[in-house]
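Residue numbers (the working numbering): 30 to 95. Taking it in order: structure first as structure tokens, then the write-up.
Set out below in structure tokens:
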């Protein structure tokens, strides 16, 4: 049986859920009234210094983080 192809994730989905789901659901915690993918990605890079690409962020969000 073959392993997964591609590079390993820097943040696993469970870690992402644990750290950021409350922030996604309540953008006011970060002083925002709503999130877009681009806005949330910029916030993660600026405030948390996360090395998470935009496309990976969208993939995490589509994996039903709530």
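Idealized CB from N, CA, C, for every residue including glycine.
Query: Distance between residue 53 and residue 46 (C-alpha atoms, nearest Å); Result: 10 Å
Query: Supposed contact pair residue 87 and residue 66 - C-beta distance, whole angstroms, cut 8 Å; Result: 6 Å
Query: Which listed residue (84, 70 and 43) has its alpha carbon closest to that of residue 78; Result: 70
Query: Cβ pair residue 48, residue 42 closer than 9 Å; Result: no
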